[in-house]
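Undergrad: Quick mapping for you: the protein sequence lines, in order, are chains A and B.
For the record, in the first sequence the residue sitting at position 210 is 227 according to this note's numbering, with numbers rising by one throughout.
For the record, in the second sequence the residue sitting at position 15 is 36 according to this note's numbering, with numbers rising by one throughout.
Note that the Cβ used here is the ideal one computed from N, Cα and C, for glycine as well.
The structure follows.
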Amino acid sequence: MSRLRILVGTKKGAFILTGDGRRERWEVSGPHFGGWEIYHLTGSPVDPERLYASQTSGWFGQVMQRSNDGGKTWEVAGNEFKYEGTPGRHKWYDGTPHPWEFKRIWHLEPSLTDPDTVFAGAEDAALFQTEDGGRSWKEFPGLREAKGHLWQPGAGGMGLHTILLTPGDAKRITVAISAAGVFRTEDAGKTWQASNRGLKSSYELPDPDAEVGHCVHRIARHRSRPGVLFMQKHWDVMRSDNAGESWREVSGNLPSDFGFPIEVHAHEPETVYVVPIKSDSEHYPPDGKLRVYRSRTGGMEWEALTKGLPQKDCYVNVLREAMAVDGLEPCGVYFGTTGGQVYASADSGDTWNPVVRDLPAVLSVEAQTLP
Amino acid sequence: MIRVLLPYHLRTLAGVPGEVRLEVGSPVTVRAVLDALESGYPALRGTIREQGTGRRRPFVRFFACKEDLSLQPPESGLPEAVATGAEPLLIVGAMAGG
Chain A
18 MSRLRILVGT KKGAFILTGD GRRERWEVSG PHFGGWEIYH LTGSPVDPER
68 LYASQTSGWF GQVMQRSNDG GKTWEVAGNE FKYEGTPGRH KWYDGTPHPW
118 EFKRIWHLEP SLTDPDTVFA GAEDAALFQT EDGGRSWKEF PGLREAKGHL
168 WQPGAGGMGL HTILLTPGDA KRITVAISAA GVFRTEDAGK TWQASNRGLK
218 SSYELPDPDA EVGHCVHRIA RHRSRPGVLF MQKHWDVMRS DNAGESWREV
268 SGNLPSDFGF PIEVHAHEPE TVYVVPIKSD SEHYPPDGKL RVYRSRTGGM
318 EWEALTKGLP QKDCYVNVLR EAMAVDGLEP CGVYFGTTGG QVYASADSGD
368 TWNPVVRDLP AVLSVEAQTL P
Chain B
22 MIRVLLPYHL RTLAGVPGEV RLEVGSPVTV RAVLDALESG YPALRGTIRE
72 QGTGRRRPFV RFFACKEDLS LQPPESGLPE AVATGAEPLL IVGAMAGG
């Protein structure tokens with residue numbers, strides 16, 4: 018029977034939840050790197066024992082960790098993230114120019130074919146890559162040339178948080194940055210184009226249809242259909258059917274179209290999950306009810322999934338990196354909250370159970386399906 | 022022999038249970054001690070001073086002999102008591118909650 022490993026990054030360390038294929042019994046290991054913020058930990062799709070973790074601290078900066086045994090032991094990897102050339106300036110919150118400064122790695126995306134190759138999304142926004150298992154990192158400076166002087170930080174900082182690699186086409190990479198928008202390359206990272214046509218930011222930007230500057234929170238897609246992208250924007254849930262060339266809104270009947278994570282079912286490319294949050298000013302679920310919403314039609318029509326989730330007095334948030342699906346049948350769905358709960362559903366979201374209830378605030382959740 | 026006391030998180034990262042002892046040539050400066058420390062414990066690179074610029078991280082402080090040496094130029098000499106090993110150099114995370 019398959020096993021599962023849920024990798025959880027929190028404000029105060031990493032936790033690894035190991036479950037059997039029925040997803041009923043779980044063992045919890047951790048905290049790993051106790052006391053440090055773990056923005057993201059994830060595994061290689063071609064070698065699930067190879068894990069990478071982004072470990073950060075306001076005091077001691079960025080540390081990268083690597084494991085070759087599924088998180089039982091860890092070794093420190095390289096942490097020198099140097100912007101190529103003169104990094105220049107981006108917009109600060111008040112619109113003034115502000116120098117580019119490396120702060121931390123938000124997201125790690127291991128290569129689809131090589132466990133030693135990993136892409137890393139940074140704050141201040143940039144894309145880095147290692148080809149030697151994390152010993153050294155090199156930036157793709159062409160990304161910042163896509164009008165980087167107009168990018169600005171969101172409330173959480175100016176981070177590159179989404180990296181979509183394309184199965185069968187290593188030259189096409191799509192990234193998303195808060196608050197700059199979506200960018201893609203067709204030449205393996207040398208040149209980049211903004212891919213924000215159709216996004217509308219009426220309350221955040223002086224020009225709601227601006228080419229860059231949109232606060233994209235997360236993008237997800239099904240591996241079998243790399244051209245179909247689903248986005249949770251600051252406000253609005255969006256969809257693209259042409260790999261980001263243009264976007265249309267699919268918020269439909271959601272109680273709020275503000276939120277952070279978005280995920281796609283492992284076996285149904287038109288089944289999408291979001292967690293509506295009341296507003297950009299009130300980062301908690303509407304009406305104190307924690308509800309995952311599922312669309313089986315690729316957006317527009319959404320149903321609330323509530324069974325097993327608190328339906329009163331719940332005021333947690335679910336952050337952009339804190340939702341994942343497994344590869345089992347039926348598909349498992351997982352998400353973590355800022356209240357420290359990790360919920361699991363073994364039936365595509367119909368029912369939920371807490372795996373753990375009292376972790377530190379959850380920053381990221383990844384699901385590994387193991388043989 | 023120079024004695025260095027690291028904050029908890031850096032002791033964990035470096036895998037050292039307590040005080041670190043380092044051989045440092047003369048003159049004994051903050052920069053020379055940090056060079057020796059990072060050479061002996063590469064996991065600490067970038068955590069006390071920034072990669073590239075070598076600047077002290079803003080929330081890291083250097084104390085010794087009841088003095089705050091954080092703002093001294095890194096090439097200035099450390100107190101005699103630190104250079105002789107009578108007193109440790111304390112590398113401290115600034116009080117900032119957490």
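Do residue 286 of chain A and residue 256 of chain A have their C-beta atoms closer together than 8 Å?
TA: no
Undergrad: Enumerate, from N- to C-terminal direction, the unbroken beta strand (DSSP E) stretches of 3 or more residues contained entirely within the segment 279 to 353 of chain A.
TA: The segment 279 to 353 of chain A contains these whole beta strand (DSSP E) runs: 289 to 294, 309 to 312, 320 to 322, 340 to 342 and 350 to 353.
Undergrad: In the structure shown, what three-state DSSP assignment does residue 234 of chain A receive?
TA: strand
Undergrad: So what's residue 91 of chain B in DSSP terms, helix, strand or just coil?
TA: coil
Undergrad: As an exercise, report each continuous alpha helix (DSSP H) stretch of at least 4 residues that is fully enclosed by the segment 25 to 55 of chain B, in chain order.
TA: 29 to 35
Undergrad: For the segment 64 to 76 of chain B, which residues have a beta carbon sitting closer than 9 Å to at least one beta carbon of chain A?
TA: 64, 65, 66, 67, 68, 69, 71, 72 and 73
Undergrad: To the nearest angstrom, report how far apart residue 148 of chain A and residue 48 of chain A are at their CA atoms.
TA: Taking the straight line joining both Cα atoms gives about 28 Å.
Undergrad: Give the single residue among A:172, A:351, A:137 and A:335 whose Cα lies nearest to the Cα of residue 342 of chain A.
TA: Minimum Cα distance to residue 342 of chain A is reached at A:351.
Undergrad: Between the segment 293 to 307 of chain A and the segment 83 to 102 of chain A, do at least 3 Cβ pairs fall closer than 8 Å?
TA: no
Undergrad: Of all Cβ atoms in chain A, is any one closer than 8 Å to the Cβ of residue 83 of chain B?
TA: no
Undergrad: State yes or no: is the beta carbon of residue 78 of chain B nearer than 8 Å to at least one beta carbon in chain A?
TA: yes
Undergrad: Hey, could you find the ends of the alpha helix (DSSP H) residue 103 of chain B is sitting in?
TA: 101 to 104
Undergrad: Cα-Cα, which of A:294, A:71 and A:80 is closest to residue 12 of chain A?
TA: Only positions 18 to 388 of chain A appear in this structure, which leaves residue 12 of chain A out of reach.
Undergrad: Got a sec, what are the start and stop residues for the beta strand (DSSP E) residue 122 of chain A sits in?
TA: 121 to 127
Undergrad: Excluding five sequence neighbours on each side, which residues of the same chain lie with their C-beta closer than 8 Å to the C-beta of residue 76 of chain B?
TA: 70
Undergrad: Please state whether DSSP places residue 172 of chain A in a helix, a strand or coil.
TA: coil
Undergrad: Within the same chain, show all residues whose beta-carbon is closer than 7 Å to that of residue 65 of chain B, passing over the 5 residues directly before and after it, in chain order.
TA: 31, 34, 35, 58 and 59
Undergrad: In the segment 39 to 106 of chain A, which residue ranges form an unbroken beta strand (DSSP E) of at least 3 residues, counting only runs that do not cross its ends?
TA: 43 to 49, 54 to 60, 68 to 74, 78 to 84 and 92 to 94
Undergrad: Could you name the residues of chain A that residue 114 of chain B contacts, counting a contact when the two beta carbons are closer than 8 Å?
TA: When 8 Å is used as the limit between beta carbons, residue 114 of chain B is near these residues of chain A: 76 and 77, in chain order.
Undergrad: Under a CB-based cut-off of 8 Å, is residue 13 of chain A close to chain B?
TA: The structure shown does not extend to residue 13 of chain A, since chain A is modelled only from 18 to 388, so the question has no answer here.
Undergrad: Only counting the same chain, and skipping five residues up and downstream in sequence, which positions put a Cβ closer than 7 Å to that of residue 15 of chain A?
TA: Outside the shown range of chain A, which is 18 to 388, sits residue 15 of chain A, and nothing can be said about it.
Undergrad: According to a CB-to-CB cut-off of less than 7 Å, which residues of the segment 23 to 48 of chain B neighbour chain A?
TA: 30, 31 and 34
Undergrad: DSSP three-state call for residue 216 of chain A: helix, strand or coil?
TA: coil
Undergrad: Alpha carbon to alpha carbon, how far is residue 135 of chain A from residue 53 of chain A? Give it in angstroms, no decimals.
TA: For residue 53 of chain A and residue 135 of chain A, the gap between their C-alpha atoms comes out near 22 Å.
Undergrad: Nearest chain A C-beta to residue 104 of chain B closer than 8 Å, yes or no?
TA: no
Undergrad: Assuming residue 87 of chain A and residue 22 of chain A make a contact with CB atoms under 8 Å, what is their CB distance in whole Å?
TA: 7 Å
Undergrad: If we count the other Cβ atoms within 10 Å of its Cβ and call it buried at 16 or more, is residue 109 of chain A buried or exposed?
TA: exposed
Undergrad: With DSSP as the reference, label residue 383 of chain A as helix, strand or coil.
TA: strand
Undergrad: Buried or exposed for residue 63 of chain A, going by 16 or more other Cβ atoms inside 10 Å?
TA: By the neighbour-count rule (16 or more Cβ atoms within 10 Å), residue 63 of chain A is not buried but exposed.
Undergrad: Checking 8 Å against the spacing of the C-beta atoms, do residue 98 of chain B and residue 99 of chain A come in under that value?
TA: no
Undergrad: Using a Cβ-Cβ cutoff of 9 Å, what residues of the segment 41 to 56 of chain A are near chain B? List them in chain order.
TA: 50, 51, 52 and 53
Undergrad: Does the separation of the CB atoms of residue 333 of chain A and residue 314 of chain A fall below 8 Å?
TA: no
Undergrad: Is residue 361 of chain A helix, strand or coil when you go by DSSP?
TA: strand
Undergrad: Can the beta-carbon of residue 120 of chain A be found closer than 8 Å to that of residue 133 of chain A?
TA: The beta carbons of residue 120 of chain A and residue 133 of chain A sit no closer together than 8 Å.
Undergrad: Suppose you measure from the CA of residue 122 of chain B to the CA of residue 84 of chain B; what does that come to, to the nearest Å?
TA: Past the boundaries of the shown model lies residue 122 of chain B; chain B is included only from 22 to 119, so the question cannot be answered.
Undergrad: CA-CA distance, residue 76 of chain A and residue 78 of chain B?
TA: 7 Å
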